[in-house]
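Please read the structure below before turning to the comments.
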Amino acid sequence: MITEPFAIGNSWIHRIDPRLKIVFATLYSFIIALSDRFPTLFAGLVISISLVVMARLNIRRVSGRLAVVSGFFLLLWIVMPLTYEGPVMYRLGPLAFTRPGIILSSKITLKSISILLAFMALVATMTFATLGYALDRLHISGKLVHLFLLTYRYIFVIEQEYQRLMRAARIRNFCPGTNMHSYKTYAYIIGMLFVRASARARRVHQAMLCRGFKGRFYCLREFKSARCDWFFLILMALISTGLIYLQWIY
Numbered sequence: 000m001i002t003e004p005f006a007i008g009n010s011w012i013h014r015i016d017p018r019l020k021i022v023f024a025t026l027y028s029f030i031i032a033l034s035d036r037f038p039t040l041f042a043g044l045v046i047s048i049s050l051v052v053m054a055r056l057n058i059r060r061v062s063g064r065l066a067v068v069s070g071f072f073l074l075l076w077i078v079m080p081l082t083y084e085g086p087v088m089y090r091l092g093p094l095a096f097t098r099p100g101i102i103l104s105s106k107i108t109l110k111s112i113s114i115l116l117a118f119m120a121l122v123a124t125m126t127f128a129t130l131g132y133a134l135d136r137l138h139i140s141g142k143l144v145h146l147f148l149l150t151y152r153y154i155f156v157i158e159q160e161y162q163r164l165m166r167a168a169r170i171r172n173f174c175p176g177t178n179m180h181s182y183k184t185y186a187y188i189i190g191m192l193f194v195r196a197s198a199r200a201r202r203v204h205q206a207m208l209c210r211g212f213k214g215r216f217y218c219l220r221e222f223k224s225a226r227c228d229w230f231f232l233i234l235m236a237l238i239s240t241g242l243i244y245l246q247w248i249y
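Structure representation (structure tokens):
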């Protein structure tokens with residue numbers, strides 16, 4: 000099931016116009032991703048952490064989400080210093096850790112963490128429905144928004160069908176293992192999952208058409224700019240200008 004633990008809060012970041020948060024999160028991500036100087040990357044990390052603090056996000060949940068990608072960082076730090084060519088910075092027996100590999104790993108790690116924290120503070124602080132409606136207000140492709148909202152509303156149906164099939168298999172004394180019978184059983188379950196999901200999707204679509212569905216979800220919420228939105232806009236403009244100055248001008 001899709002959870003939205005960061006969407007519930009009373010910080011001033013939660014009250015900012017979702018359209019502004021999406022625009023700045025995208026712009027900020029591009030600036031950080033294109034940066035390659037450590038002063039800019041460390042400044043970006045400090046800014047991202049500050050956004051998380053201002054959003055009053057649960058530190059344990061934030062750490063848990065960062066832990067999900069820590070495996071990628073670990074693999075990166077194992078592979079890059081050993082395979083990237085350049086002057087050797089440290090030797091451990093037959094293993095040679097190159098300086099360019101360590102520097103590149105550091106930059107990628109700083110970029111990834113900064114962007115993840117910024118998206119948690121800005122994008123994850125709104126519900127999926129609000130995100131979809133804000134994308135629609137920003138004139139993103141209507142089909143893309145429709146697909147996003149429809150997936151969010153009905154993804155739980157696939158999860159329910161999967162749980163129902165697994166319960167039926169366990170009732171029939173199915174015990175997972177590393178054998179051909181288990182592989183065939185999982186293949187049958189996946190196949191039936193697609194068949195049932197397709198049939199359910201057809202029924203849901205027919206029910207929506209009976210209720211006047213015309214291919215788009217209409218948002219009843221009006222996005223209006225408030226005083227905090229203007230403050231956020233000025234603050235983000237200053238931050239973006241500062242990062243660009245550190246990277247390409249200073």
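Going by numbering that gives the first Met the number 0, the first residue of the sequence shown is number 0, and it counts up by one from there. The C-beta atom is built at its ideal place from N, Cα and C for all residues, glycine as well.
Quiz prompt | Reduced DSSP category for V122 - H, G, I as helix; E, B as strand; rest coil | solution = Secondary structure at V122: coil, using DSSP grouped into helix, strand and coil.
Quiz item: With C-beta atoms as the reference, is A128 less than 8 Å away from F222?
Solution: A128 places its beta carbon 8 Å or farther from that of F222.
Quiz item: For L44, which of F147, R14, L115, V67 has the nearest alpha-carbon?
Solution: It is L115 whose Cα lies nearest to the Cα of L44.
Quiz item: How many whole angstroms separate the CB atoms of S10 and R55, which I take to be in contact at a CB cut-off of 8 Å?
Solution: Between S10 and R55 a beta carbon distance of about 4 Å is seen, short of the 8 Å cut, so the two are scored as contacting.
Quiz item: Any idea which residues DSSP pairs Y89 with across the strands?
Solution: Answer is F96, bridged to Y89.
Exercise. Measure the beta-carbon distance from R98 to L245 and round it to whole angstroms, keeping in mind my assumption that it falls under 8 Å.
Key: About 23 Å separates the Cβ atoms of R98 and L245, ruling out a contact at the 8 Å cut-off.
Self-check item: As assigned by DSSP and simplified to three states, the class of C218
Solution: In this structure, C218 counts as coil in the three-state DSSP scheme.
Self-check item: Counted within 10 angstroms of its Cβ, other Cβ atoms place L91 as buried (16 or more) or exposed
Solution: L91 is exposed by the Cβ-count criterion.
Self-check item: Where A133 sits in the DSSP three-state scheme
Solution: Here A133 sits in helix by DSSP.
Practice problem: Could you have a look at H204 and say whether DSSP puts it in helix, strand or coil? | Solution: It is helical.
Quiz item: Are any of the Cβ atoms in chain B nearer than 8 Å to that of T150?
Solution: Judged by its chain identifiers, the structure shown contains no chain B, having just a single protein chain.
Practice problem: Identify which residue in T126, G100, P4, P93 has its Cα closest to the Cα of I77. | Solution: Taking only the C-alpha atoms, the option nearest I77 is G100.
Self-check item: Cutoff 7 Å; reference V203; Cβ partners in own chain excluding five residues on either side
Solution: Y153, listed in sequence order.
Quiz item: In three-state terms, what does DSSP make of Y139?
Solution: Strictly speaking, residue 139 in this sequence is Ile, with Tyr absent from that position. I139: coil per DSSP, three-state reduction.
Quiz item: Roughly how many angstroms lie between the CA atoms of I107 and M191, to the nearest whole one?
Solution: About 41 Å.
Quiz item: Taking F230 as the reference, which of D16, A6, P4 has the closest Cα?
Solution: Among D16, A6, P4, the Cα nearest to that of F230 is on D16.
Self-check item: Exposure label - T240; buried when at least 16 CB within 10 Å
Solution: T240 is exposed by the Cβ-count criterion.
Quiz item: Looking at C-beta atoms only, is the number of pairs between the segment 154-172 and the segment 191-201 that lie closer than 8 Å three or more?
Solution: The segment 154-172 is in contact with the segment 191-201.
Self-check item: Helix, strand or coil at R210 [DSSP, three-state]
Solution: R210 falls in the coil class under three-state DSSP.
Exercise. Take I238 and list the residues in its own chain whose beta-carbon comes closer than 8 Å to its own, dropping the five residues that flank it on each side.
Key: Only Y27, I46 meet the Cβ criterion.
Exercise. Have a look at V161 and N172 and give me their C-alpha separation to the nearest angstrom.
Key: In the sequence under discussion, the amino acid at residue 161 is Tyr, which differs from the Val named in the question. Distance between the alpha carbons of Y161 and N172: 17 Å.
Self-check item: heavy atom of the ligand GDP below 7 Å from R202 C-beta
Solution: In terms of ligand content, the structure shown is empty, and the ligand GDP therefore cannot be addressed.
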